[in-house]
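Notes to accompany the following structure.
Residue numbers (full-length UniProt numbering): 1 to 521.
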C-alpha cells in the first residue's frame, strides 16, 4: 500500500451513495461506500445529512465484522476470545492468543503473533468512521434549521455523530490504548500538508468523550424502550456509553449516577427468561439499548458478495456455530471450553446455561466444550436451492442487564455492597438462581459481579474489557494466565500492538504500545 493510500485511509472519510430515495436511515444504511470528500454542494438537505449518518452506522458495522478477510471479526476476537472464554482448535494462528495452548513457545496471550489477522494491529478503518463523524459535526451546524423542520431534529443528527465519535474513540482505547486524536476533517487540498500527530493520553481523550456525550444527551431523546429504535443512537445509548467510560476511568461515583439515570428513566426492561433469545432477534426486545442491524434486506446490493458492507452475513455469527443448526455448513467453530463453562455456571439451575449453550463432544480438531447459541436464526436467501446462507440476528452493543451489572460494579467499588447485591439479584433471579455465592466483602462481591457479567454477556464482545477494567481490584487477567508484569498500568500489555511498519510511514510521531515495544517475535 502506498503512503498516499495510507494517508487517505486514515484521514479521509467515505460517503455512502443511496440508490433508494427517501430519508429513512434504515433504507440505505448499508449501501456500499465510495471514496470521496464532501463539498459544500452536498450539505443542502436533510436527506444529505441522513445519507452521511447512514454512512456512519454502516462504517461501524463494517469495522466490527472484519479484521482481515480470513478473520471472524475484530468484535468477538478482541472482546471475547482473548479472555479465554472461547477456543478455536482449527486456527493455528489463534493458538498464541490463548493461555495454555500456544505451540510456538512465545508465551500466553501473544497478541503480537497474528499473521492472518493484520487488521487487529491496524486502527485505520476506525479513523474513517471518526472522519465521517467530524464531517457531520463540522457541516450540519451551518445548515439552515428550516431544512430539518425543527431545531430538535437538526440537533439529533449532531447528537448521533457525537455519540458515534465518542464510541469509536472509546473502542480504539479499549483495544490499542492511547489514540491519535483527530478533531478536524481533511480534504484533497490538505493532501501533503497533514502534520504528523502524536498519540494523546487515553485519559485526556476520554475526558473529551465525556464532554461530547454530555452534549449528546441534551440533543437526543429516550425511546421509551422501543426496540425498533435501538439501531440508532438515542439518549439511552449515549448514557450507556457514558457510564462505561466513567467505569473505565474508575470514576465509579459518576458511573453509578449515570447508570441510575438510565435505569430509572430509559424505559427499558429485562427480557423474561421464557423469551430470552429475543434479545438478539433484532429490534425485538425492550432490553436492548443499542444494537447494530444485521438483518437480511432483500434489496441489499452487497449481500451476494458478502463484503464488509453487506447487511446480513453468514460468517460473522457462524463463528460460534457448526453442525445441524446451520445445515452442516461448518464442521468446526469457536467452542467455549468445558471446564470454563462448568466453573462459571450453575449447570443445574441457571436457565441461561440451558438456553444459550449446548454441549458439543470433541470432533475433528475441536475439543469438548459448549457451543454458544445466541445467534442461531439461520436462513437461506434462496431456500429452494439452499444457496446464499445468512444468520438473521442483530449485534447487541448495549442492553439493560449490562448497565445493571455495571451499576453493581460501581456500587461495590464505592463500598455499597448491599446496593451491589440488589443489582446483582436482578439478573441472577431472572436466570433462576438466588445467588451463586454470598459475598461478604468488596473483593468477593466484585468477583461475583464479573462472573455474572461473564455468564450474562458471553459472546457479546464485553468480557475481556471487563477483565481489563477490574484488573487492579481483582486480578483476573493474572489468574487466567497473563504475566503479572505485563498487565501493570505502566506496561499495559492487555492492549494490542500496532502495526508500526504499516502505520508509522503515515505518522512518524506514532509510538508502539509499551509492552509490545520490547516483546516481539
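Using N, Cα and C, we set each Cβ at its ideal position, and we do this for glycine too.
None of the values given here were measured: they were computed from a predicted structure.
Non-local C-beta neighbours of residue 372 in its own chain, meaning closer than 7 Å and more than five positions away in sequence, comprise 320, 336, 356, 357, 458 and 459, ordered along the chain. Residue burial annotation: residue 51 is buried, with at least 16 other C-beta atoms found within 10 angstroms of its C-beta. Here residue 172 is buried. Its C-beta has 16 or more other C-beta atoms within 10 Å. In the three-state DSSP reduction, residue 378 falls in the strand class (E or B). Judged by DSSP secondary structure, residue 371 falls within the beta strand (DSSP E) whose first and last residues are 369-372. Less than 9 Å separates the beta-carbon of residue 200 from that of residue 178. Contact between residue 350 and residue 425 is ruled out by a C-beta separation of about 14 Å, above the 8 Å threshold. Under the rule that a run must span 3 or more residues, the beta strand (DSSP E) segments found entirely inside the region 268-292 read 288-292. Beta-carbon to beta-carbon, residue 311 and residue 303 are separated by about 7 Å, close enough to satisfy the 8 Å threshold. Bounds of the alpha helix (DSSP H) holding residue 352 are 351-356. In this structure, residue 512 places its C-beta atom within 9 Å of the C-beta atom of residue 497.
In the DSSP assignment, residue 391 forms a beta bridge with 313 and 378.
Residue 392 is positioned such that its CB atom lies closer than 9 Å to that of residue 378. Residue 266 sits close to residue 235, with the two beta carbons spaced by under 9 Å.
Taking the C-beta atoms as reference points, residue 81 is found nearer than 9 Å to residue 334. A Cβ-Cβ separation of about 7 Å places residue 374 in contact with residue 277 under the 8 Å criterion.
Secondary-structure assignment with DSSP links residue 366 through a beta bridge to 363.
With a beta-carbon spacing of about 7 Å, residue 423 and residue 411 fall inside the 8 Å limit used to define contacts. Residue pairing by DSSP puts residue 336 in a beta bridge opposite 370.
The three-state secondary structure of residue 87, taken from DSSP, is strand.
Nearest in C-alpha terms to residue 492, of all of 437, 307, 346 and 202, is 202. A contact is defined here as three or more CB-CB pairs under 8 Å, and the region 213-224 meets this definition with respect to the region 153-163. Secondary structure in the UniProt domain "SusD-like N-terminal" (120-246): the alpha helix (DSSP H) runs of 4 residues or longer, each lying completely within the stretch, are 124-139, 151-176 and 202-219 in chain order.
The Cβ atoms of residue 341 and residue 370 sit closer than 9 Å to each other. Only residues of its own chain outside the window of five on either side were considered, and among them 227, 271, 278 and 279 have a CB closer than 6 Å to the CB of residue 285, listed in chain order. In terms of CA proximity to residue 332, 365 leads the group 305, 85, 365 and 198.
Burial state of residue 389 is buried, judged by a 10 Å Cβ sphere holding 16 or more other Cβ atoms.
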